[in-house]
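Asks: Order-wise, the sequence lines are chains A and B.
Convert by adding 158 to the 1-based position in the first sequence; the result is the number in our numbering.
Convert by adding 22 to the 1-based position in the second sequence; the result is the number in our numbering.
Note that the Cβ used here is the ideal one computed from N, Cα and C, for glycine as well.
Before anything else, here's the structure in question.
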Amino acid sequence: MQVDLIGQVAVVTGGAGAIGQGIVTRLAENGATVVVADIDLAAAKAFAARVPRARALAIDITDETSIGAGISAILREFDGIDILVNNAGINSFVHRVNIDTFPVAEWDRITKVDLDGLFLMSRAALAPMTARGQGGRIVNIASVVGLAAMRLQSPFVAAKAGVVHLTRSMALELGPQGIRVNAVAPGSVLSEGTRALFYGADGRFAARTAEFMAHVPLGRPGTPEEIAEAVLFLASPAAGYVTGQILAVDGGWTAGFVI
Amino acid sequence: MVRVALDGKSLVVAGDRNAIVALAEERLVASGAHLLASDDAAVPDILIVSFPVLPAEDPETGPQHEIAERMAAAMAGRGHGRIVFLLSAMAAMPMRRHPGYAVGQAAALARMRGLAMRFAPAVLVNAVGVGAIGAPLVAGDAAMIGHTALGRAGTALDVAETVLFLCDPANTYLTGQMLSVDGGWSAGYGRNF
Chain A
159 MQVDLIGQVA
169 VVTGGAGAIG
179 QGIVTRLAEN
189 GATVVVADID
199 LAAAKAFAAR
209 VPRARALAID
219 ITDETSIGAG
229 ISAILREFDG
239 IDILVNNAGI
249 NSFVHRVNID
259 TFPVAEWDRI
269 TKVDLDGLFL
279 MSRAALAPMT
289 ARGQGGRIVN
299 IASVVGLAAM
309 RLQSPFVAAK
319 AGVVHLTRSM
329 ALELGPQGIR
339 VNAVAPGSVL
349 SEGTRALFYG
359 ADGRFAARTA
369 EFMAHVPLGR
379 PGTPEEIAEA
389 VLFLASPAAG
399 YVTGQILAVD
409 GGWTAGFVI
Chain B
23 MVRVALDGKS
33 LVVAGDRNAI
43 VALAEERLVA
53 SGAHLLASDD
63 AAVPDILIVS
73 FPVLPAEDPE
83 TGPQHEIAER
93 MAAAMAGRGH
103 GRIVFLLSAM
113 AAMPMRRHPG
123 YAVGQAAALA
133 RMRGLAMRFA
143 PAVLVNAVGV
153 GAIGAPLVAG
163 DAAMIGHTAL
173 GRAGTALDVA
183 ETVLFLCDPA
193 NTYLTGQMLS
203 VDGGWSAGYG
213 RNF
């Protein structure tokens, strides 16, 4: 798919991560000037250097001072922001336990990035969006666990459910200003981080992955490019009457119970 | 506008005829797809199944269910296919004033999701949930507009663009989903209480 994002300024948080890189690449391929905002500036710089027109920017979305400095830096170069992709997010792969023993510090760490950070980043981007005088678009990266709960990752599940509903309430509040807000809810996504988790040394699914993938109609994890395709559409003018929607890009996982 | 490369892809557009499906068909053909007659024995690469998007009390939609089932199975046998249901956004959110219609739409949504699960991974099946479109309305109900976030009706092109996205050859991990083009009607209460 090709859309016209020429002249548009896009900010992608967590832009140096696996899904983030896929999103940045697709937005840039369609003409946008993309700010790769990431807490890891070195990674953002290394990646942005390979993307036409892209810039790297250090932003810690849990810190309002850092967000403010980042937005100021963007506004020194551009007269506003057209597209914000709230992609930055974290989960714990170590603490897979029930809520009775889930570490409170981990709850705080995860919800602070995945929910609070998305809220702080979004509100900071609103004035720069309306400054452009042509509305704006926010695409939040939620998760299918925000739609269908899973065990052993309570802060991530709760934060992503928060993102799902915050997406809807932001859409309702910001629609009159011409700002559309939607979310993409990825299922499992293949990245450097999850590759070792999903596949054994022989290149086949690990036993637990195979058990899990049996519940996914397409029977495989998605790719960052496949997530990015949905983000690209929702961020484009072609989706002009789409707002407050949660689009699961999950290989059919949430279509119903396969088993 | 969305550009997708559908050169060489065959297309069947079945079911209700209206301004929205006509424009979606036009955009798909302009993107390279070629139309087959819906009574053609050939199995298309892309099937659009159009359900009535203007509320009526109890419209006949048996043929839409039948062709979706038949083509999904044939596409799976052949090894690939795309199906897009054109539904009302009411499929997922009934309106009191259209009780029978909402039931029929919900059944079509369940059909879509079931096909997505049964004929995966060969066939990708998705839906567009159409809100209040056009002036005068060609889809939805005027009462929807007061609840939308955008405060206006959409256009047939808004829906057609979403159909193109669902037929996008690079859009390969999306199945069993309905994306509503309804200005935020289904997102919640677009009013200040």
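So with Cβ pairs under 8 Å, would you call A/S349 a contact of chain B?
Replies: Answer no: the Cβ-Cβ gap between A/S349 and chain B never drops below 8 Å.
Asks: Could you tell me whether the stretch 167-175 of chain A touches the stretch 237-252 of chain A, using the rule of 3 or more Cβ pairs below 8 Å?
Replies: yes
Asks: Beta carbon of B/A55, beta carbon of B/I42: below 8 Å?
Replies: no
Asks: Which value, in whole angstroms, describes the spacing of the CA atoms of B/F187 and A/L332?
Replies: 24 Å
Asks: How would you call B/R39, buried or exposed, if buried means at least 16 neighbouring beta carbons within 10 angstroms?
Replies: The Cβ neighbour count for B/R39, taken over all protein chains shown within 10 Å, is under 16; the residue is labelled exposed.
Asks: In terms of DSSP beta bridges, what is A/G294 paired with?
Replies: Note: A/G294 sits in a beta bridge opposite A/I337.
Asks: Which chain A residues sit within Cβ distance under 7 Å of B/M23?
Replies: A396
Asks: Can you tell me where the beta strand (DSSP E) holding B/V35 begins and where it ends?
Replies: 32-37
Asks: Assuming the contact rule is C-beta atoms closer than 8 Å, B/M200 and B/A149 should be a hit. Round their C-beta distance to whole Å, please.
Replies: 4 Å
Asks: Let me see if you follow: with CB-CB separation under 8 Å, is B/G103 close to chain A or not?
Replies: no
Asks: In chain B, what lies closer than 8 Å to A/T352 by C-beta?
Replies: Chain B residues near A/T352: none, gap ~14 Å exceeds 8 Å.
Asks: Output yes if chain A places a C-beta closer than 8 Å to the C-beta of B/V75; else output no.
Replies: no
Asks: Hey, how far is the Cα of A/A296 from the Cα of A/Y399?
Replies: Looking at the sequence provided, one finds Ile at residue 296 of chain A rather than Ala. Cα to Cα, A/I296 sits roughly 14 Å from A/Y399.
Asks: I want to see whether chain A comes within less than 8 Å of B/D180, judged by CB atoms only; does it?
Replies: yes
Asks: Start and end of the alpha helix (DSSP H) containing B/V152?
Replies: That residue, B/V152, is in no alpha helix (DSSP H); its beta strand (DSSP E) goes 145-152.
Asks: Examine chain A for any beta-carbon lying closer than 8 Å to the beta-carbon of B/D163, and answer yes or no.
Replies: no
Asks: Step through the CB atoms of chain A and report whether any lies within less than 8 Å of the CB of B/A55.
Replies: no
Asks: I need the DSSP call for B/M269, collapsed to helix, strand or coil.
Replies: With chain B running from 23 to 215 in the structure shown, residue 269 of chain B is simply not present.
Asks: B/D80 lies in the beta strand (DSSP E); which residues open and close that run?
Replies: That residue, B/D80, is in no beta strand (DSSP E); it is neither H nor E in DSSP.
Asks: Would B/M117 count as contacting chain A if we go by Cβ distances under 8 Å?
Replies: no
Asks: DSSP state of A/T191, grouped into three classes?
Replies: strand
Asks: Thinking C-alpha only, which one of B/D80, B/V24, B/K31, B/A78 is nearest B/L57?
Replies: B/K31
Asks: Could you work out which residue in A/Q166, A/V193, A/A201, A/I219 is closest to A/I268 when comparing CA atoms only?
Replies: A/I219
Asks: Alpha carbon to alpha carbon, how far is A/I177 from A/G402?
Replies: Using only the alpha carbons, I get a separation of about 22 Å.
Asks: If you drop the 5 nearest sequence neighbours on each side, which residues of the same chain put their C-beta closer than 6 Å to that of B/H169?
Replies: W207, G212
Asks: When you compare the stretch 177-196 of chain B with the stretch 379-392 of chain A, are there three or more beta-carbon pairs, one atom per stretch, that lie closer than 8 Å?
Replies: The stretch 177-196 of chain B is in contact with the stretch 379-392 of chain A.
Asks: Just to confirm, are B/A144 and B/I89 a CB contact at a threshold of 8 Å?
Replies: no
Asks: Helix, strand or coil for B/H56, going by three-state DSSP, please let me know.
Replies: strand
Asks: For A/G380, write down the residues that DSSP places opposite it in a beta bridge.
Replies: A/V347
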